[in-house]
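Written below as structure tokens is the structure these notes are about.
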Amino acid sequence: MTDMMDMTTSPTVGDRIVHKRVPAINRHRLALYCGASGDHNPIHVDIDFAKASGFPDVFSHGMLVMGYLGQALSDAFPPNRIRSFSTRFAAITQVGAELTCEGTVAELFEAGGERRARIALTTKDQHGETKLAGEAVVAL
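The structure is reproduced here in structure tokens:
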């Protein structure tokens, strides 16, 4: 778990200010996400379909992984301080992946009359493979 960023402390470039570990992706979680999101693509829950499509197993929804990264960001900063959040998918997240979401300060700047930080974000699995990369801008 991660705690809300202490707004009285000034971060510096290079500081890791977002960090969250996610429980291993399992089939039950994928099925629950199908129901919650309305994304019922069988590639995420039907192993026979996944194998027929050339994959060894089902795999996570990209938006589920993005949701974990967004949650890590909003755990570190109140949502009313998040000015932007964007990601790009880098690799498939397999069943069993243990994810870690992190964010480091890439830039400090002023905009709109407030101090802001650009945060470089990643989600990696237990093998260090990047599954998702992105950035956020937050008001400090």
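Residue numbers for the sequence shown, in the numbering used here: 145 to 284. The beta carbon of each residue, even a glycine, is placed where N, CA and C say it ideally should be.
- With contacts defined by Cβ atoms closer than 7 Å, Val239 and Ile169 form a contacting pair.
- With respect to Glu242, Gln270 sits close: the two C-beta atoms are nearer than 7 Å.
- Counting along the chain, Ser228 sits inside the beta strand (DSSP E) bounded by residues 226–233.
- With the rule of 3 Cβ pairs closer than 8 Å, the region 198–216 counts as touching the region 173–181.
- At a Cβ-Cβ threshold of 7 Å, Thr248 and Arg165 do not count as neighbours.
- Residue pairing by DSSP puts Cys245 in a beta bridge opposite Lys164, Thr267.
- Counting only residues of its own chain and dropping the five nearest sequence neighbours on each side, Gly214 has a CB closer than 7 Å to the CB of Phe229.
- For Arg232 against Ala277, the beta-carbon gap comes to about 6 Å, under 8 Å, which counts as contact.
- Nearest neighbour of Asp219 by Cα position, chosen from Ile236, Pro155, Val162, Glu279, turns out to be Val162.
- Per DSSP, Val209 is one residue of the alpha helix (DSSP H) stretching across 206–220.
- Listed in chain order, the non-local C-beta contacts of Phe193 below 7 Å within the same chain comprise Pro186, Ile187, local neighbours out to five positions each way being set aside.
- Around the CB of Lys268, 16 or more other CB atoms lie within 10 Å, so the residue is classed as buried.
- Bounds of the beta strand (DSSP E) holding Leu276 are 274–283.
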